[in-house]
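Structure, as structure tokens:
Number of protein chains: 2
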Amino acid sequence: MTVLRRSTHRAPSRQLEAAGSITRARILAAATEVFVRRGIEAGTIREITKAAGVNVAAVNYHFGSREALLRATLAEVAGPMNAARLQALDQEARAHAPHAPPLPAIVDALVRPLIETPRWQDGTRPLIRLIQQLRALPHQMANQLMAEQFDAVAHRFIAALHAALPHLSRAEIVWRYEFARGAVVHVLVDCDPESGRLAALSGGACRTGDQDELLCQATRFVAAGFSAPGR
Amino acid sequence: MTVLRRSTHRAPSRQLEAAGSITRARILAAATEVFVRRGIEAGTIREITKAAGVNVAAVNYHFGSREALLRATLAEVAGPMNAARLQALDQEARAHAPHAPPLPAIVDALVRPLIETPRWQDGTRPLIRLIQQLRALPHQMANQLMAEQFDAVAHRFIAALHAALPHLSRAEIVWRYEFARGAVVHVLVDCDPESGRLAALSGGACRTGDQDELLCQATRFVAAGFSAPGR
DNA sequence: GTCTATAACACGATAGAC
DNA sequence: GTCTATCGTGTTATAGAC
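Chains as they are written, first to last, in the working numbering: chain A, 23 to 253; chain B, 23 to 253.
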């Protein structure tokens, strides 16, 4: 709840975002844990500060509000993954210059960093859980947070895909880009120990903990989808 | 929030689930509206009863608890869609007997009812929004609600797909079944007016309100993914 | 069956001492 | 920078009148 609650927060009067504080770092780590395990809406400032071993008032002192803390949490988790994607795409572009990178290289640059995003000991990928939750929340704020983190990368990849598949219209590229993202994120959620859906449906036949298997299955499905005939 | 809140509900002592009540029906309709627009966690009993024009206490009288109301809401929205899927699959099975239905027929039976699920005037598909939210909630209850509604259908379709694609292992069928579901649900969320992400990414080039276009794009991507070479 | 009123509790944010 | 205490507001669920 209460992401939506009419905030009574007026104007953050102290120095916010001073990234040096040890307390700040502890809050950020605890917030990731709580938002993932308990849910973005259900996780409370009180839980977070308790898990971080700091005072209840510290969140508002260091971040200004619960929403600003959520934004910082997402940036910390999604930033490195998107940077890895862009770096991989750039590398492929250099390797194939002056030609455009071929489809399999682009798909790998898009999918691999998502699958190889850090996992906790139990196999949970915190980034995946945050993405899934933010996409489901019917708040404009959630859409905005996602756009802040992912739009730049999306446009880069759509351009690269358009160059690799020039026979498809831009609209068809975008359709398939989102089909591809959905397929991979959905299955990563299913692979999460919290869900276990893929293991349940397959009677344990899908090795959901095997990253190589997952990457192999995902790239094959996605590349085939992109390679479907156009209109 | 408070789906998780430790409930103090003891034992529903009056007749629950007596489906005849007019009040009950009004609550159910209002609950769908509120859970979709405001979110499953954020939507409160007070909002629902206010929208339904009934008393606050009526939810606990007719359903027993907030969670039971959510279960009834999902069943009402997801039930007809899954029935349509099974009916379509049965029809294809009869049409192709004694052979197994071919891949395109199965994909159509799987995807079309999801896309043609009822929409509100603004284009929102309530079922899609409920699915997306339930998949994101980190509660065991949410997983259970999804399994109750979708597991039977999943097993039917996986069996049909296995018959149509006998060169693939059962594990590979399940991987691709979930890739397919994820691709379609993800894009349907993007087509929702609340999100608008597909329209934004494509600069308006994707006609997200055109059901025929959506079905065409989805079945092409999904069928190609299933047709990818096996291991 | 439907209402009002309330119990019992949780929340985010902040004032103000240290 | 960190604490305690508190304000104002929200929640589910239920007791008891009608």
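Where is the CB? At the ideal position from N, CA and C, for every residue including glycine.
Any beta-carbon of chain B closer than 7 angstroms to the one on A73(A)?
no
Measure the Cβ-Cβ separation of A53(B) and L111(B) and say whether it is below 7 angstroms.
no
Checking contacts by CB at 7 angstroms: is S224(B) closer than that to chain A?
yes
Helix, strand or coil for F179(B) per DSSP?
F179(B): helix per DSSP, three-state reduction.
Interface residues of chain A around E216(B) at Cβ under 7 angstroms?
Within 7 angstroms Cβ-Cβ: P160.
Hey, would you say Q154(A) sits closer than 7 angstroms to A169(B), going by beta carbons?
no
Check the Cβ of F243(B) against every Cβ in chain A and list those closer than 7 angstroms, keeping chain order.
R198, F201, G247 and A250
I'd like to know whether the C-beta atoms of R231(B) and G145(B) end up nearer to each other than 7 angstroms.
Sequence check: residue 231(B) is Gly here, not Arg. Yes.
On the CB-based measure, 16 or more other CB atoms within 10 Å of its CB, does N104(B) come out buried or exposed?
Counting every other CB atom within 10 Å of its CB across the protein chains shown gives N104(B) a total of 16 or more, marking it as buried.
Contact between the stretch 216-231 of chain A and the stretch 215-222 of chain B: three or more CB pairs below 8 angstroms?
no
CB contact below 7 angstroms: C213(B) versus chain A:
no
For M23(A) and chain B, any beta-carbon pair shorter than 7 angstroms?
Unreliable placement is indicated for M23(A), whose pLDDT of 37 sits below 50; the coordinate value is still reported in the next sentence. Interface residue, yes.
Distance check for R134(A) and V244(A), CA to CA, integer angstroms please.
12 angstroms
7 angstroms Cβ cut-off: residues of chain B touching A51(A):
In chain order: nothing, as chain B lies at least about 18 angstroms away.
Buried or exposed: D234(B), going by 16 or more other Cβ atoms within 10 Å of its Cβ?
exposed
Hey, is Q154(A)'s beta-carbon within less than 7 angstroms of any beta-carbon in chain B?
yes
With distances taken Cα to Cα, identify the nearest neighbour of F172(B) among L108(B), H121(B), I49(B) and N82(B).
L108(B)
Note down the Cα distance separating Q166(B) from P160(B), rounded to an integer number of angstroms.
11 angstroms
Which first and last residues belong to the alpha helix (DSSP H) in which P188(A) is found?
Counting along the chain, P188(A) falls outside any alpha helix (DSSP H), and DSSP gives it neither H nor E.
Buried or exposed: which applies to H177(A), given that a residue is buried once 16 or more other Cβ atoms fall within 10 Å of its Cβ?
exposed
CB-CB under 6 angstroms to E69(A), same chain, minus the five flanking residues each way: which ones, in chain order?
V56
Looking at V58(B): is its Cβ nearer than 7 angstroms to the Cβ of R151(B)?
yes
Closest Cβ-Cβ distance between L187(B) and chain A: below 7 angstroms?
Not a single C-beta of chain A is nearer than 7 angstroms to the C-beta of L187(B).
Count the other CB atoms, across all protein chains shown, that sit within 10 Å of the CB of Q239(B); report buried if there are 16 or more and exposed otherwise.
buried
Contacting positions in the stretch 125-147 of chain A - beta carbon closer than 8 angstroms to chain B:
none
For H208(A), is the classification buried or exposed, using 16 other Cβ atoms within 10 angstroms of its Cβ as the cut-off for buried?
buried
Does chain A have any CB closer than 7 angstroms to the CB of L220(B)?
yes
CB contact check: Q239(B) to chain A, cutoff 7 angstroms:
yes
Counting along the chain, where does the alpha helix (DSSP H) carrying G204(B) start and finish?
Here the alpha helix (DSSP H) through G204(B) covers R192 to C213.
Roughly how many angstroms separate the alpha carbons of V196(A) and L149(A), rounded to a whole number?
23 angstroms
From A164(B) to G247(A), what distance separates their C-alpha atoms?
Looking at the two C-alpha atoms, the distance is approximately 30 angstroms.
Interfacial residues, the stretch 55-66 of chain B to chain A, with Cβ spacing under 8 angstroms:
Against chain A - using a Cβ distance shorter than 8 angstroms - the residues of the stretch 55-66 of chain B are V58, R59, R60, G61, E63 and A64.
Candidates S249(B), I44(B) and L156(B), of which the one nearest A64(B) by Cα:
L156(B)
Have a look at L50(B) and G86(B) and give me their C-alpha separation to the nearest angstrom.
13 angstroms
Can you confirm whether R178(A), when its beta carbon is compared against all beta carbons of chain B, has any partner nearer than 7 angstroms?
Chain B contact via Cβ: absent.
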